[in-house]
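Just so we're on the same page, the numbering used here is the position in the sequence shown counted from 1, plus 6.
Beta carbons: idealized from backbone N, C-alpha and C, even for Gly.
These numbers come from a predicted model, not from an experiment.
Each remark here refers to the structure printed beneath this line.
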Amino acid sequence: MSRTLRLLFAVGFLSLAVPASAADYNRPPDYRPFSGYTLIHAGTLLPVPGEAPADRQTVIVREGHVIAIEDGWIEQWSGDAEAPVRVVDLSDKFVMPGFIDLHVHLLSQSGGDRKGEFVERSDSYFALQGSQFARWTLEAGFTTVRDLGARGQAIFALRDGVRDGLVPGPRILAAGQAITPSGGHGDIHGYRTEILQALPALGTCDGSDDCRRAVRQMVKRGADVIKVTATGGVLSETATGTGQQFTQEELNAIAETAHLLGRKVTAHAHAKEGIEAALRAGFDSIEHSMWADEGTMELFLETGAWMVPTVYPITAVGDTPEKMKAGPFGNLPPPVMEKLLQLGRQPKDMVALAHSMGVKVALGTDSAVSPHGENANEFIEYVNAGMTPMQALMSGTVHAAEATGIADQTGDLQPGKAADLVGLAANPLEDISAVLDVRFVMRDGIVFKHLENQE
Ligand SMILES: [Zn+2]
Numbered sequence: 007m008s009r010t011l012r013l014l015f016a017v018g019f020l021s022l023a024v025p026a027s028a029a030d031y032n033r034p035p036d037y038r039p040f041s042g043y044t045l046i047h048a049g050t051l052l053p054v055p056g057e058a059p060a061d062r063q064t065v066i067v068r069e070g071h072v073i074a075i076e077d078g079w080i081e082q083w084s085g086d087a088e089a090p091v092r093v094v095d096l097s098d099k100f101v102m103p104g105f106i107d108l109h110v111h112l113l114s115q116s117g118g119d120r121k122g123e124f125v126e127r128s129d130s131y132f133a134l135q136g137s138q139f140a141r142w143t144l145e146a147g148f149t150t151v152r153d154l155g156a157r158g159q160a161i162f163a164l165r166d167g168v169r170d171g172l173v174p175g176p177r178i179l180a181a182g183q184a185i186t187p188s189g190g191h192g193d194i195h196g197y198r199t200e201i202l203q204a205l206p207a208l209g210t211c212d213g214s215d216d217c218r219r220a221v222r223q224m225v226k227r228g229a230d231v232i233k234v235t236a237t238g239g240v241l242s243e244t245a246t247g248t249g250q251q252f253t254q255e256e257l258n259a260i261a262e263t264a265h266l267l268g269r270k271v272t273a274h275a276h277a278k279e280g281i282e283a284a285l286r287a288g289f290d291s292i293e294h295s296m297w298a299d300e301g302t303m304e305l306f307l308e309t310g311a312w313m314v315p316t317v318y319p320i321t322a323v324g325d326t327p328e329k330m331k332a333g334p335f336g337n338l339p340p341p342v343m344e345k346l347l348q349l350g351r352q353p354k355d356m357v358a359l360a361h362s363m364g365v366k367v368a369l370g371t372d373s374a375v376s377p378h379g380e381n382a383n384e385f386i387e388y389v390n391a392g393m394t395p396m397q398a399l400m401s402g403t404v405h406a407a408e409a410t411g412i413a414d415q416t417g418d419l420q421p422g423k424a425a426d427l428v429g430l431a432a433n434p435l436e437d438i439s440a441v442l443d444v445r446f447v448m449r450d451g452i453v454f455k456h457l458e459n460q461e
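Written out as structure tokens, the structure reads:
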């Protein structure tokens, strides 16, 4: 090191009052909105799914929000004259609000040694792994996700890191650990007693008062939403089936406590009795809803609760015994395989029944069961189940935002909403599979993907 350089280093470290060009303590995070106006030229724009799209539109974005939508492709914006203006050319794209998935598990991917992961990997490792899956999900067009179950604190760190612009990812609403009864679907199981005692089971509770405590502690830890395992689940190895696990009284206490703390509450539920108990308790939504029948659908209609069906994972792991045994889940332990083989076409038939009866459906995939980044296949499942392409798009935009209580922030592109939008190569209203070809992604006014025009 030269004398001059050594001197500069000494000066830089010692005299903090001098504005040193070499030491920039105020360097902003990598992912932040453009300082001026962004004028997005859309070939076709669907600002509010459910309403008609329009050709040759400009979306004007500033400080992460949509401020106006104008007819034609405008090049200038008469606002703050000092602010720079940039044009994003999506003149050959179909532009619409970013997609929303209400059911993911961002920290891990199923199909591997899931059980070993929990005792071998640190929380920090899960945060790093989750940041990769978050980026894949964002690049698939999902600008908001709801994470419905993750151990430890990593999911909250990932949520906050994305929010603060440290890592790319969708906006995350996180449940933390699911609220579950002892021995239930969400409880830790399958290890020798000493290991179980060492692993914290923060969401586990028994009895109404204990369950109120568990909900309150999850909110204290940072939960944006409360996830509850009302029934058994397919992938747990407890040989307890998929029937109701929490009592009606426990579910009532959980829903009331969540609502008193201003949180939506959603139930993982397969068995009809468990779905109906959660609906009666006043849950805002039901995940999976696997064995819901006509009577269950009537109760959905009566309570106004949302259904989040998660159809695609069953297609991904195999919807026939042959496909399932040959697929990534082919080597599961017998009690799990038995439950998985019962599913078959049931999710597809169930969502078709729900839609035909007018039950409100919001999109969710349970990604982690299906691969992260393949979330948009869920739109295609809903069209196959009888929805029009427009109805399917609504389920993963305006309806998902409403179901999870963030319709004032995102879900459509009206002025004042977050600038969360995607550019597709083709029109999904003509062919829904266009949702799989995402060429442009903006979240909160930040461009994360632009295939034709790398930035
Ligand atoms: Zn799940």
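Subject >> Alpha-carbon to alpha-carbon, Gly280 and Thr272 >> reply: Position 266 of the sequence shown, counted from the first residue, corresponds to residue 272. Position 274 of the sequence shown, counted from the first residue, corresponds to residue 280. Whole-angstrom Cα-Cα distance: 12 angstroms.
Subject >> Rounded Cβ spacing between Ile185 and Val234 (contact assumed at less than 8 angstroms) >> reply: Position 179 of the sequence shown holds residue 185. Position 228 of the sequence shown holds residue 234. Yes, they are in contact, since the Cβ atoms of Ile185 and Val234 sit about 5 angstroms apart, within 8 angstroms.
Original post:
Taking just the CA atoms, how far does Ser97 sit from Leu144?
Top reply: Position 138 of the sequence shown, counted from the first residue, corresponds to residue 144. Position 91 of the sequence shown, counted from the first residue, corresponds to residue 97. Looking at the two C-alpha atoms, the distance is approximately 22 angstroms.
Original post:
Quick one: is the Cβ of Asp372 within less than 7 angstroms of any heavy atom of ligand 1?
Top reply: Indexing the sequence shown from 1 puts residue 372 at position 366. Correct: Asp372 has its Cβ closer than 7 angstroms to ligand 1.
Original post:
With which residues is Arg488 paired in a DSSP beta bridge?
Top reply: Because the chain spans 7 through 461 in this model, residue 488 falls outside it and cannot be assessed.
Original post:
For Leu154, is the beta carbon positioned less than 7 angstroms from some heavy atom of ligand 1?
Top reply: For the purposes of this step, residue 154 is taken as the residue at position 148 of the sequence shown. Flag set: Cβ of Leu154 near ligand 1.
Subject >> Close beta carbons around Pro451, own chain, < 6 angstroms, minus the five adjacent residues each side >> reply: On the sequence shown, position 445 is the one that residue 451 refers to. Just to set this straight, residue 451 is Gly in the shown sequence, not Pro. Cβ within range, chain order: Pro39, Val67, Gly70 and Ala425.
**OP:** Could you please give the first and the last residue of the uninterrupted alpha helix (DSSP H) stretch that includes Trp312?
**Re:** For the purposes of this step, residue 312 is identified with residue 306 of the sequence shown, where counting begins at 1. Here Trp312 belongs to no alpha helix (DSSP H); instead the beta strand (DSSP E) covers Trp312 to Val314.
Original post:
Does DSSP classify Asp193 as helix, strand or coil?
Top reply: Residue mapping note: residue 193 aligns to position 187 of the sequence shown, counting from 1. Asp193: coil per DSSP, three-state reduction.
Original post:
Under three-state DSSP, which class holds Gln250?
Top reply: Against the sequence shown, residue 250 aligns to sequence position 244. It is a strand residue.
Subject >> Within 8 angstroms, strictly: CB atoms of Gly402 and Phe385 >> reply: Counting from 1 along the sequence shown, the entry for residue 402 is found at position 396. Counting from 1 along the sequence shown, the entry for residue 385 is found at position 379. Cβ atoms of Gly402 and Phe385: closer than 8 angstroms.
Original post:
Would the C-beta of His111 count as close to ligand 1, meaning under 7 angstroms from any of its heavy atoms?
Top reply: In the sequence shown, residue 111 corresponds to position 105, counting from 1. Within the cutoff, so yes.
**OP:** Helix, strand or coil for Gln82, going by three-state DSSP, please let me know.
**Re:** Along the sequence shown, one-based indexing puts residue 82 at 76. Coil at Gln82, not helix or strand.
Subject >> Candidates Leu457, Thr263, Arg286 and Val314, of which the one nearest Glu308 by Cα >> reply: To locate residue 308, count along the sequence shown from 1; it is residue 302. That would be Arg286, whose Cα lies nearest to the Cα of Glu308.
**OP:** With distances taken Cα to Cα, identify the nearest neighbour of Ala407 among Phe105, Arg62 and Tyr43.
**Re:** Translated into positions along the sequence shown, residue 407 becomes position 401. Taking only the C-alpha atoms, the option nearest Ala407 is Phe105.
Subject >> Residue from Ala163, Ala146, Thr248 and Val221 whose Cα sits closest to the Cα of Gly190 >> reply: Here residue 190 refers to the residue found at position 184 when the sequence shown is read from its first residue. Residue Thr248 is the option with its Cα nearest to Gly190.
Subject >> Element boundaries [beta strand (DSSP E), containing Phe105] >> reply: One-based indexing of the sequence shown puts residue 105 at position 99. Run containing Phe105: Phe105 to Val110, per the beta strand (DSSP E) assignment.
**OP:** Return the CA-CA distance between Phe446 and Leu430, expressed in angstroms with no decimal places.
**Re:** Taking the first residue of the sequence shown as 1, we reach residue 446 at position 440. Taking the first residue of the sequence shown as 1, we reach residue 430 at position 424. C-alpha separation (whole angstroms): 7 angstroms.
**OP:** Under 8 angstroms Cβ to Cβ from Asp170, same chain only, skipping five residues before and after it: list those, please.
**Re:** The residue labelled residue 170 in the question sits at position 164 within the sequence shown. So the list reads Pro35, once near-sequence residues are dropped.
Original post:
Is any heavy atom in ligand 1 found nearer than 7 angstroms to the beta carbon of His274?
Top reply: As a working note, residue 274 is residue 268 in the sequence shown. Yes, the beta carbon of His274 sits closer than 7 angstroms to at least one heavy atom of ligand 1.
Original post:
Which term fits Glu300, buried or exposed, when burial requires 16 or more other beta carbons within 10 angstroms of its beta carbon?
Top reply: Along the sequence shown, one-based indexing puts residue 300 at 294. With fewer than 16 Cβ atoms within 10 Å of its Cβ, Glu300 is classed as exposed.
Subject >> Gly182 to Val225 span [Cα, whole Å] >> reply: Working through the sequence shown from its first residue, we reach residue 182 at position 176. Working through the sequence shown from its first residue, we reach residue 225 at position 219. So the alpha carbons of these two residues sit roughly 9 angstroms apart.
Original post:
Which runs of the alpha helix (DSSP H) fall wholly inside the stretch 400-450 and span at least 4 residues, in chain order?
Top reply: 404-409
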